[in-house]
Amino acid sequence: MAQIDRAEEPTTSENPTAAVVGPGAIGTTVAAALHEAGRTPMLCGRTARERLELQDAEGLVVVPGPVRTDPARIEETVDLVFLAVKSTQIDAAAPWLAALCHTGTVVCVLQNGVEQESTVAPYVPGCPVLPSVVWFPAQVQPGGSVWLRGEARLTLPDVPAARVVLEALRGTRCSVDLAVDFTSVAWRKLLQNAAAGLMVLSGRRCGMFGRADIVRLSLDYLRECLDVARAEGAVLGDEVPQEIIDSFQAYPADMGTSILADREADRPLEWSIRNGVVLRRGRAHGLPTPISDVVVPLLAAASDGPG
1 MAQIDRAEEP
11 TTSENPTAAV
21 VGPGAIGTTV
31 AAALHEAGRT
41 PMLCGRTARE
51 RLELQDAEGL
61 VVVPGPVRTD
71 PARIEETVDL
81 VFLAVKSTQI
91 DAAAPWLAAL
101 CHTGTVVCVL
111 QNGVEQESTV
121 APYVPGCPVL
131 PSVVWFPAQV
141 QPGGSVWLRG
151 EARLTLPDVP
161 AARVVLEALR
171 GTRCSVDLAV
181 DFTSVAWRKL
191 LQNAAAGLMV
201 LSGRRCGMFG
211 RADIVRLSLD
221 YLRECLDVAR
231 AEGAVLGDEV
241 PQEIIDSFQA
251 YPADMGTSIL
261 ADREADRPLE
271 WSIRNGVVLR
281 RGRAHGLPTP
291 ISDVVVPLLA
301 AASDGPG
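Residue 144 in full-length UniProt numbering sits at position 144 of the sequence shown, and the numbers go up by one each step.
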């Protein structure tokens, strides 16, 4: 995993100004957490909206907008940008990053994968790019509101830039953990995301992990991913594949995943950063990846065609 660039010191403030780029499920959850604490962020996205809505078991949180849609009309930069667009949308988000960032602005990337820093850094020279692991299940509902189905938590690497995020989310519904060994945490989450990609190929939700044949396939795939993760420096035990299967089985049978939602909506899939990375890194280390050799081309075709 690429290391965090420490060449630029992050902007520090007791009350950092913040923007959320990409107010989807994850972005809305973070925006609601900031708003509840009196730190309402600037909202930036493709679709104009007057407000965001987050629903959980305790009620509804309304985040006042508007959602801005024109980066050319941004007149002030911020201390912290939460980049919550999919990895397939980074190019489209580049004008927002250029408009919102000054030297030292922290860009916290709320995306899947283990390549967040290397993919985003070229768009924000002079700014610390902070990868994260997102641990909460949030789903966009018909009409655009977001349903949060569990507690919100982020894991960040224990580096100076993380202090800005800690300050922004201090005392909110979104807790923040700092990990000295962020590589291991990020790869563990990647294993979970990689297995979730099997839902796309079956067109089914978490209930499919109740099938013995799917469990066998998933465990074989996860062990393959685990070998690659260890070659990349992750310290993960042999028990991790079964723990991931247990977590899928503990979810409601109708629980989906973002990559499945994208497939159902015929949107481009994050197949490269969730599954393709295992194939790429495995080949780089000379490791056999027979299941990835099948899964990755099928996901790529489902995403990009042709046909």
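Quick reminder that beta carbons are idealized off the backbone N, C-alpha and C, glycines included.
Given the structure is predicted, the values throughout are model-derived calculations rather than measurements.
For this session: Tell me, to the nearest whole angstrom, how far the beta carbon of V63 is from that of V21; I am working on the premise that it is less than 8 angstroms.
Result: With 8 angstroms as the limit, V63 and V21 do not qualify as a contact, their Cβ atoms being about 14 angstroms apart.
Exercise. To which residues of the same chain is A72 closer than 8 angstroms at the C-beta, ignoring the five residues directly before and after it?
Worked result: P95, A99
For this session: Give the C-beta separation of A231 and L287 to the nearest angstrom, bearing in mind that I take them to be a contact with Cβ-Cβ under 8 angstroms.
Result: 6 angstroms
Exercise. Touch check for the segment 245–262 and the segment 206–217: three-plus C-beta pairs under 8 angstroms?
Worked result: yes
Exercise. Are the beta-carbon atoms of V129 and V109 separated by less than 8 angstroms?
Worked result: yes
Problem set entry | Segment contact, 8 angstroms Cβ cut-off, at least three pairs: the segment 31–50 with the segment 185–204 | no
For this session: Could you check the C-alpha separation between V159 and L43 for me, to the nearest Å?
Result: 26 angstroms
Exercise. At what residues does the alpha helix (DSSP H) containing W187 begin and finish?
Worked result: 182–196
Problem set entry | Straight-line Cα distance separating R205 from V294 | 20 angstroms
Exercise. Tell me which same chain residues have a C-beta within less than 8 angstroms of the C-beta of I4, skipping the five on either side of it?
Worked result: Low local confidence applies: a pLDDT of 35 at I4 is under 50, so the model's placement there is unreliable, and no value is given.
Problem set entry | Buried versus exposed, by CB contacts within 10 Å (16 or more), Q89 | buried
Problem set entry | Closest residue to V61 among K86, V30, V107 (Cα-Cα distance) | V30
Exercise. Does the beta carbon of R283 sit closer than 8 angstroms to a beta carbon anywhere in chain D?
Worked result: No chain D appears in this structure, which consists of one protein chain only.
Exercise. Can you give the beta carbon distance from G126 to T103, rounded, assuming they're within the 8 angstroms contact cut?
Worked result: 4 angstroms
For this session: Return yes when the Cβ of A121 is within less than 8 angstroms of the Cβ of F136, no when it is not.
Result: no
Problem set entry | 8 angstroms Cβ cutoff met for S303 and L260 | no
Problem set entry | C108, enclosing alpha helix (DSSP H) - first and last residue | C108 -> not in any alpha helix (DSSP H); beta strand (DSSP E) instead, spanning 106–109.
For this session: Could you give the DSSP three-state label for M1: helix, strand or coil?
Result: For M1, the predicted model reports a pLDDT of 36, less than 50, meaning its position is unreliable; a value from the coordinates is still stated below. Residue state, collapsed to three classes: coil.
For this session: Compute the Euclidean distance between the alpha carbons of A92 and S202, then round it to the nearest angstrom.
Result: 30 angstroms
Exercise. Taking the alpha carbon of S292 as the point to measure from, which residue in T77, S175, R223, V85 has its own alpha carbon closest?
Worked result: R223
Exercise. For the putative contact between V185 and I26, defined by C-beta atoms under 8 angstroms, what is the C-beta separation to the nearest angstrom?
Worked result: So it is not a contact: roughly 17 angstroms between Cβ atoms.
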